[in-house]
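> First the structure, which I've put down as structure tokens, then a few questions once you've had a look.
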Amino acid sequence: MFEEVGTTTEGDIIINVGPQHPATHGVLHLVITLNGETIKKVEPHLGYIHRSIEKMCESLSYRQFIYVTSRMDYLSSHINNHACALCVEKGLQVEVPPRAQVIRVLMDELTRIASHELWWGAMAMDLGAFTPFFHAFRERESINDIMEETCGARLTMNYMVPGGVMQDLHPNFQKKVKEFMQLYKRKIHEYDELVTGNIIFQNRMKNVGYLSAEDAVSYGCSGPAARGSGVSCDIRKIYPYEIYDKLEFDEVLETGGDSFARYMVRIREMQQSIHIIEQLIDNIPEGDFQAKTKAVLKLPKGEFYTRVETARGELGVYIVSEGGTTPYRIKFRSPGFSNLSVLDHIARGSKLGDLVAMMGTLDLVIPDIDR
Amino acid sequence: MWSFSNIANNLHKWLSETFNPTMTLIIEMVLAGVAVIGLFAALGLVLVIMERKVSAWMQIRLGPNRVGPKGMLQSLADTLKLLVKEGLTPNGADKLLFNLAPFVAMIVAMLLMAPIAFAKDFQLWDLNIGVLYVSAISSIMVISILMAGWASNNKYSLMGAMRSGAQIVSYELSAGLSILAVVVMTGSLQVSDIIYSQADGWWIFKGHIPMVIAFVTFIIAVTAETNRAPFDLAEAESELTAGFHTEYSGMKFALFFLAEYVNVFIVCAIGATLFLGGWMPFHIGNWTQFNHVMDYIPSSIWFFGKTFFLIFVIMWFRWTFPRLRIDQLLNLEWKYLLPISMINLLIVTAMAILKWHF
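Those protein sequences? They're chains A and B, same order as listed.
Start counting the first sequence at 17; every next residue gets the next number (the working numbering).
Start counting the second sequence at 104; every next residue gets the next number (the working numbering).
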């Protein structure tokens, strides 16, 4: 029985899901071997949206290359920028002012909520429920408005720079964030009523796409995908950056390992993010929003690595510097790539309809996988 | 005096006075045909705009609001667009079956309109096995879907068609059994008999809890039979792109699309006829004045009101529930709905024999 799995025999159907397909949310191409409705093998084909961001970064200065990284995981662009800024600051040995640190964390957590909101809507849409998408966008829209006021952009923010943030907060920021949190608390029960508590939804999610803790570690999963299997991997807790070690929040862990556990991790993470924002929004320290840095940045010769927790998992930035104004080599460790690699493992033996749900719970963003 | 049956009778009288009997019959058949085709198109357009407005309302949107007053002509414009689009036939497709399938779907939807009583004594064909006729003809629908899926030469289409075949064949059983509950109560398969038997109260009120169970089973089963969400596995968008009509374009696609909506109308009309009294007004026991007021509302408004209420319920399902998986879908039918409706039918039979109903 075990040997049969993964081999193509007569009677199998091979279907191409993607590169243009409603379920892949981008240009992911999956070659699926099916026996009737049962999946025998899933083969992801990548490269449809490869823009060689890592190579491009080698010819851009340390101030410029951050803007390109907004286009990697476009749903958590703040956090990508943050990771790069942290890495450059590590090389420059710059101390970031407290105000900038708080602003960065606030922006990160708002981004995390916005990203999870979009995931929630898209995931419900994968399961055939259209309405949640619009309900999620209602809340996400107000986050986008907040971002637009302060950063001037709604998707690719480019707000974090080496040494702090690009400009100060908009005067309305605190008021708007508080309004958003009130809206969110008023509407969050709708999420449970509409989707989480639905019997069809629970049957579709529970005991589907099981990922054991060992497999999650060996495949290099991170973020909610691994935490749904009970693997503690929140970078904010393990290797705290900025002011995360002074904040009070829980690392969300679920032990189910199935699609529903991964779903619940994200739902609960949104509440933790709200909790973090609540602690910070009235305590933004006065002072500079940016440290004094030279106009042309030069990193000393050496290798620098930082990692942050994006909405999808661990993002690592690795810079090799030869001492010049541009990096010699840059490598990003993106969460989506490792999370995608586990898809074949968890999808084998389940039905085609479940594959879509599993892809939803892994929360794949294709430009993050390809870069 | 302006009721549908009066108009039909006067027309018949005038035709038989003017022409000889054969000519009268031919003219009447042509008129009926034109009426059915017109109703098919009109219902399709109305239901499409209704679905879009209902979904918009549930999704905090406005919906179509540009073409015509409040966007009411949007589906007309869409139909015109589809009419002028090229109807592609993919390479390697079975041309005959591929082009025939949408027409089979359309013809089935039109045939099903025959025994439906749209108003008091207004019905195309009150045949004595009306309910059986509906069950029999609606089974042909699955053939058009299988034809479309097979002939398209597309794996997604084939899978959608196979899913749909398994689904419709299964759910027909519980739909049939819940219809039988009413037939047992009434003792007749004729649609007009069933409606007149509800003059003193609709079956859903007269038949105690077993009738309510039969009604709920019926609604679930017909939602599945018409391939509507949460049972829309045949065209599961996120899995199979568009299922059995992936390769269809232009008017051939539109025929499938319209047939789906007309089928929804028909199953809701059957449901309203069997369980909610068709065109029968709502009466409460001895409240003579109240009943008198209810009688003033025209019978066609009663019929369409009930039908559109059921259609709204089915649309409500679609915009609220996620989709089931194929094995869960079949489990629901074979493990739960079918045994429940079988036992329910036994109880209803006992009730009918012992005259326990009101």
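Idealized CB from N, CA, C, for every residue including glycine.
These numbers were taken from a predicted model, which means no experiment stands behind them.
Quick check on glycine 374 of chain B: does DSSP put it in helix, strand or coil?
Within the second sequence, residue 374 of chain B is the residue found at index 271, counting from 1. DSSP places glycine 374 of chain B in helix when its eight states are reduced to three.
> In angstroms, rounded to a whole number, what distance separates the CA positions of isoleucine 443 of chain B and aspartate 181 of chain B?
Counting from one through the second sequence, the residue named residue 443 of chain B turns up at place 340. Counting from one through the second sequence, the residue named residue 181 of chain B turns up at place 78. Cα-Cα distance, rounded: 42 angstroms.
> Quick one: give me the first and last residue of the beta strand (DSSP E) that glycine 332 of chain A is part of.
For the purposes of this step, residue 332 of chain A is taken as residue 316 along the first sequence, with counting starting at 1. First-last of the beta strand (DSSP E) with glycine 332 of chain A: 330 to 337.
> Specify, as a first and last residue, the run of the beta strand (DSSP E) that alanine 39 of chain A falls within.
Indexing the first sequence from 1 puts residue 39 of chain A at position 23. Looking at the DSSP string, alanine 39 of chain A is not in any beta strand (DSSP E), and its letter there is neither H nor E.
> Could you work out which residues of chain A lie near threonine 344 of chain B, taking near to mean beta carbons separated by less than 8 angstroms?
As a working mapping, residue 344 of chain B is identified with position 241 in the second sequence. Residues of chain A passing the Cβ test: His37 and Pro38.
> How far does the beta strand (DSSP E) with proline 60 of chain A in it extend, from its first residue to its last?
Position 44 of the first sequence holds residue 60 of chain A. First-last of the beta strand (DSSP E) with proline 60 of chain A: 54 to 61.
> Per DSSP, what kind of secondary structure is methionine 216 of chain B in: helix, strand or coil?
What you label residue 216 of chain B is simply residue 113 of the second sequence in a count that begins at 1. If DSSP states are grouped into helix, strand and coil, methionine 216 of chain B belongs with coil.
> Tell me whether glutamate 319 of chain A sits in a helix, a strand or coil according to DSSP, three-state version.
Residue 319 of chain A sits at position 303 when you count from the first residue of the first sequence. Three-state result, glutamate 319 of chain A: strand.
> Report the neighbours of phenylalanine 196 of chain A on chain B: residues whose CB is nearer than 9 angstroms to its CB, in chain order.
Along the first sequence, read from residue 1 onward, the residue named residue 196 of chain A stands at position 180. What phenylalanine 196 of chain A touches in chain B: nothing, since even the nearest Cβ is about 17 angstroms away.
> Would a check of beta-carbon distances place lysine 156 of chain B closer than 9 angstroms to chain A?
Along the second sequence, one-based indexing puts residue 156 of chain B at 53. No, lysine 156 of chain B does not count as interfacial toward chain A.
> Flag alanine 362 of chain B as yes if its beta-carbon sits less than 9 angstroms from any beta-carbon of chain A, otherwise no.
Walking along the second sequence from the start, residue 362 of chain B turns up at place 259. Judged by the 9 angstroms Cβ criterion, alanine 362 of chain B is not in contact with chain A.
> Measure the C-alpha to C-alpha separation of threonine 172 of chain A and asparagine 214 of chain A and round it to an integer number of angstroms.
Reading the first sequence from its first residue, position 156 is the one you call residue 172 of chain A. Reading the first sequence from its first residue, position 198 is the one you call residue 214 of chain A. Approximately 35 angstroms between the Cα atoms of the pair.
> List, in chain order, every chain A residue whose beta-carbon is nearer than 8 angstroms to that of isoleucine 163 of chain B.
The residue labelled residue 163 of chain B in the question sits at position 60 within the second sequence. Residues of chain A passing the Cβ test: Phe150, His151 and Arg154.
> Within 10 Å of its beta-carbon, does phenylalanine 18 of chain A have 16 or more other beta-carbons around it, so buried, or fewer, so exposed?
Residue numbering aside, residue 18 of chain A sits at position 2 when the first sequence is read from its first letter. Interpretation of phenylalanine 18 of chain A is limited by its pLDDT of 45, a score under 50 that renders its predicted location unreliable; no figure is taken from the coordinates.
> Determine the burial state of histidine 205 of chain A: buried for a count of at least 16 other Cβ atoms within 10 Å of its Cβ, exposed for fewer.
For this step, residue 205 of chain A is matched to residue 189 along the first sequence. Flag for histidine 205 of chain A reads exposed.
> If you follow the beta strand (DSSP E) that isoleucine 259 of chain A is in, where does it begin and where does it stop?
What you label residue 259 of chain A is simply residue 243 of the first sequence in a count that begins at 1. It is not in any beta strand (DSSP E) - isoleucine 259 of chain A carries neither H nor E in the DSSP assignment.
> Taking C-beta to C-beta, are isoleucine 30 of chain A and lysine 367 of chain A nearer than 9 angstroms?
Taking the first sequence and counting its residues from 1, one reaches residue 30 of chain A at position 14. Taking the first sequence and counting its residues from 1, one reaches residue 367 of chain A at position 351. Not closer than 9 angstroms, so no.
> Return no unless some Cβ of chain B is closer than 9 angstroms to the Cβ of asparagine 174 of chain A.
Here the question's residue 174 of chain A lines up with position 158 in the first sequence. Not one chain B Cβ lies under 9 angstroms of asparagine 174 of chain A.
> What's the C-alpha gap between glutamate 20 of chain A and aspartate 386 of chain A?
As a first step, residue 20 of chain A is located in the first sequence; it is residue number 4 there, counting from the start. As a first step, residue 386 of chain A is located in the first sequence; it is residue number 370 there, counting from the start. With a pLDDT of 48 at glutamate 20 of chain A, under the threshold of 50, the modelled position of that residue is not reliable, and the figure given next carries that caveat. Cα-Cα distance, rounded: 31 angstroms.
> Taking DSSP as the reference, what is the three-state secondary structure of arginine 395 of chain A?
Nothing about residue 395 of chain A can be reported from this structure: the residues present for chain A run from 17 to 387 only.
> Quick one: which chain B residues come within Cβ less than 9 angstroms of glutamate 53 of chain A?
The residue you call residue 53 of chain A lines up with position 37 of the first sequence. Residues of chain B passing the Cβ test: Met262, Met265, Arg266, Arg428, Ile429 and Asp430.
> Per DSSP, which one or two residues make a beta bridge with threonine 49 of chain A?
Stepping through the first sequence from its first residue, residue 49 of chain A is reached at position 33. A:Ile30 and A:Lys57.
> So the candidates are A:Thr127, A:His98 and A:Leu227; which of them puts its Cα closest to the Cα of phenylalanine 276 of chain A?
Against the first sequence, residue 276 of chain A aligns to sequence position 260. Here the closest residue by C-alpha is A:Leu227.
> Since threonine 125 of chain B meets chain E, which of its residues come closer than 9 angstroms, beta carbon to beta carbon?
You won't find chain E in this structure, because its protein chains are A and B.
> Residues in the same chain with beta-carbon distance under 6 angstroms from cysteine 167 of chain A, minus the five sequence neighbours each way, listed in chain order, please.
Walking along the first sequence from the start, residue 167 of chain A turns up at place 151. Cβ within range, chain order: Met173 and Tyr175.
> Residues of chain B with CB closer than 8 angstroms to the CB of threonine 377 of chain A, please, in chain order.
Residue numbering aside, residue 377 of chain A sits at position 361 when the first sequence is read from its first letter. Neighbours of threonine 377 of chain A on chain B: none; closest Cβ ~13 angstroms, over 8 angstroms.
> Around the Cβ of serine 248 of chain A, are there at least 16 other Cβ atoms within 10 angstroms (buried) or fewer (exposed)?
Taking the first residue of the first sequence as position 1, residue 248 of chain A is located at position 232. Serine 248 of chain A comes out exposed.
> What does phenylalanine 217 of chain A touch in chain B if you count any residue whose Cβ is under 7 angstroms from its own?
Within the first sequence, residue 217 of chain A is the residue found at index 201, counting from 1. Correct list: Pro425.
> Just how far apart, CA to CA, sit serine 119 of chain B and isoleucine 140 of chain B?
Numbered from 1 along the second sequence, position 16 holds the residue referred to as residue 119 of chain B. Numbered from 1 along the second sequence, position 37 holds the residue referred to as residue 140 of chain B. Each residue's alpha carbon lies about 24 angstroms from the other.
> Run the CB neighbour count on asparagine 355 of chain A, radius 10 Å, all protein chains shown included, and call it buried at 16 or more, exposed below.
Walking along the first sequence from the start, residue 355 of chain A turns up at place 339. Label assigned to asparagine 355 of chain A: buried.
> Give the list of continuous alpha helix (DSSP H) stretches no shorter than 4 residues that lie fully inside the stretch 312 to 366 of chain B.
Entirely contained in the stretch 312 to 366 of chain B, the alpha helix (DSSP H) runs reaching 4 residues are, in chain order, 340 to 343.
> Could you tell me whether the stretch 145 to 155 of chain A touches the stretch 314 to 328 of chain A, where touching means 3 or more Cβ pairs closer than 8 angstroms?
No: fewer than three Cβ pairs fall under 8 angstroms.
> Restricting to Cα atoms, I'd like to know which of B:Ala372, B:Phe368, B:Asp303 and B:Ile400 is closest to leucine 148 of chain B.
Mapped onto the second sequence, residue 148 of chain B falls at position 45. Checking every option, the nearest Cα to that of leucine 148 of chain B belongs to B:Phe368.
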